[in-house]
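Data block below; observations after.
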Amino acid sequence: MKVTAFVCLILCALVVPTQVVAQSPPKPNQLTIGIFVRPPFVIKKPNGEYSGFAIELWEKISVDKQLPFIYREFQGVDPLIAATVSGEIDLAITDMTVTATRFESVDFCTPFFHAGLRVMINADRRHSIVRLLHGLRDDGHLPLIGLLAGAVVVLTIVATIVLRKTDETFPTQWHHGFSHSFYHVVSVVMTGKSNYKGGQGPIGRILAAFWIISGVALVAYITSSVTSVMTAQRLQNEISGPNDLGGKFVGVITDTPSADYAAQRGWDISRFDDLPSAATALVAHDIQAIVFDAPALQYFDNAHPELPLTEVGPIFDPHKYAFAVPKGSPNRMPLNHALLKLEEAGFVTALNVRYFGTD
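Position in the sequence shown (from 1) plus 1114 gives the number in the working numbering.
Have a look at this one:
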């Protein structure tokens, strides 16, 4: 029984692929694979293992080519490239963009993904009282509207005092008279008219005329202020692509092509360490858009259906992702051959469908 159990364990070890994270120097003929976690291409699971588009692609190659390896995680693309240049690692895996500058220091394998930048916006364009008040405050309308509200109260008090003396039908009790006047004052403010005819004497008629004129002016000002603020907020939300980002607050991810692209165009940018941080700011309306790699935005959107986020406009600034190896690495040609075979076999297409819902 012990022999049988031992044989079963050996068979399981041979059949089930396992991941080894570098905690000690690699064994002879064991490749050191440098990775930088950035979903969906490199994902770190809660148990410490790695998955993702690029990880699955590499592990398929390692199985087909029978290449033993260990993973070594890095905290950024630049440290990952530096380790590749120095030869500390044999292969760099992440959503690494192929650029002429990087090509001067490392060699790239055949690109495994064609990407580009895209714009993500907050899809919740509904107006709210809080947003409206913020807009009125920012445009300087809120203090004046508050002053006008105080004027309504003062006008109500004056109307109550005058009408008690000039209108015999006016309520004699103060609180009834005040509520009566307040109702008609607010009616004038909100609609520009009132069914109250005023007192019979000249003072009552003058007060009624002043009442109506003031109400019309108040209605006109409040309506124009609210309309202008709501129109401005609607226009601010009308982002349909990169051409609409001038004058907007744009979030980008530090040390990525999106940050370089946005800086070159002079956009007003806020830099974030990762996409979740930028998305949090977008949901909170701290920024108005995010510019980042299209596949990462799409994956994040699909993974968080509870957030009011959506991608708009075309993919722009196209670029490619590829594995990187040290200059002159003997592993480059075998890896290229393996990548081409997997692409021809439909493996890469299957990964696209599984991670992005498209081929």
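The beta-carbon is built from N, C-alpha and C at its ideal position, and this holds for glycine as well. Bear in mind that the values here come from a model prediction, so they are computed numbers and not experimental data.
Using the C-alpha atoms, what's the distance from Y1185 back to N1143?
Rounded to the nearest angstrom, the two C-alpha atoms are 14 Å apart.
By alpha-carbon positions, which one of F1155, I1157 and I1404 ends up nearest to I1353?
I1404
Which residues in the same chain as G1361 place their Cβ atom closer than 8 Å to its Cβ, once the five residues preceding and following it in sequence are excluded?
D1382
According to DSSP, is F1414 part of a helix, a strand, or is it coil?
helix
For A1237, which residues in the same chain have their Cβ closer than 8 Å to its Cβ, ignoring the five residues on either side in sequence?
P1422, L1423 and T1424
From what residue to what residue does the beta strand (DSSP E) around E1425 run?
L1423 to Y1435
Continuous beta strand (DSSP E) assignments of at least 3 residues falling wholly in the region 1149 to 1202:
1183 to 1188
Does the pairing of the region 1388 to 1397 with the region 1359 to 1373 give three or more beta-carbon distances under 8 Å?
yes
Pick out whichever of V1233, A1464, A1452 and I1271 has its Cα sitting closest to the Cα of G1427.
V1233
Ignore the nearest five residues each way along the sequence and tell me which others in F1461's own chain have a CB closer than 7 Å to its CB.
K1174
Below 6 Å CB to CB, which residues in the same chain sit around A1206 once its five sequence neighbours on both sides are set aside?
Cβ neighbours of A1206 beyond the five flanking positions: G1148, L1194, T1198 and A1438.
On the CB-based measure, 16 or more other CB atoms within 10 Å of its CB, does Y1435 come out buried or exposed?
Buried, by the Cβ-count rule.
Run through DSSP, which three-state label would S1145 get?
Just to set this straight, residue 1145 is Leu in the shown sequence, not Ser. L1145 falls in the strand class under three-state DSSP.
How would you write the range of the alpha helix (DSSP H) that M1447 sits in, first residue to last?
R1446 to E1458
L1423: CB within 6 Å of a non-hydrogen atom of the ligand MN
With respect to the ligand MN, the structure shown offers nothing to examine, as it has no ligands at all.
Quick check: is the beta carbon of K1158 nearer than 7 Å to any beta carbon in chain C?
No chain C is part of this structure, which consists of one protein chain only.
Buried or exposed: where does Q1402 fall if 16 or more other Cβ atoms within 10 Å of its Cβ makes it buried?
Counting Cβ neighbours within 10 Å, Q1402 comes out buried, since at least 16 surround it.
What first and last residue would you give for the beta strand (DSSP E) that runs through A1237?
First-last for A1237: undefined, no H or E at that position.
With DSSP collapsed to three states, give me the class of H1399.
coil
Span of the beta strand (DSSP E), counted from its first residue to its last, around V1212:
Neither: V1212 is in no beta strand (DSSP E) and is coded neither H nor E.
What number of angstroms, rounded off, separates the C-alpha of T1286 from the C-alpha of A1263?
25 Å
Taking the beta strand (DSSP E) that D1221 falls in, what are its first and last residues?
Taken as a continuous stretch (DSSP letters only), the beta strand (DSSP E) holding D1221 covers V1220 to F1222.
Host beta strand (DSSP E) of S1384 (start-end):
It spans D1382 to F1386 - the beta strand (DSSP E) in which S1384 sits, taken as one unbroken run.
Pop quiz: Q1156 and G1166 are said to be a contact at Cβ under 8 Å. What is the actual Cβ separation, rounded to whole angstroms?
According to the sequence displayed, residue 1156 carries Val and not Gln. The Cβ separation is near 5 Å, so the contact holds.
Meets three-Cβ-pair contact criterion under 8 Å: the region 1442 to 1455 and the region 1211 to 1219
In short, these stretches do not touch, since the Cβ pair count stays below three.
Does the beta-carbon of A1464 have 16 or more other beta-carbons within 10 angstroms, so that it is buried, or is it exposed?
exposed
Roughly how many angstroms lie between the CA atoms of P1432 and L1359, to the nearest whole one?
So the alpha carbons of these two residues sit roughly 18 Å apart.
Kindly indicate which three-state DSSP category D1369 falls into: helix, strand or coil?
coil
Mapping DSSP to helix, strand and coil, what is G1361?
coil
How should G1471 be labelled, buried or exposed, when 16 other C-beta atoms within 10 angstroms of its C-beta is the threshold for buried?
Counting Cβ neighbours within 10 Å, G1471 comes out exposed, since fewer than 16 surround it.
Once you ignore the five residues that flank C1223 on each side, which residues in its own chain have a CB closer than 8 Å to its CB?
A1436, F1437, A1438, V1439, R1446, L1449, N1450 and L1453
Taking the alpha-carbon positions, what's the A1459 to Y1164 distance?
24 Å
So, for H1228: in the same chain, excluding its five sequence neighbours on each side, which residues have a beta-carbon less than 6 Å away from its beta-carbon?
Counting only residues of its own chain and dropping the five nearest sequence neighbours on each side, H1228 has a CB closer than 6 Å to the CB of K1434.
So for F1406, helix, strand or coil by DSSP?
strand
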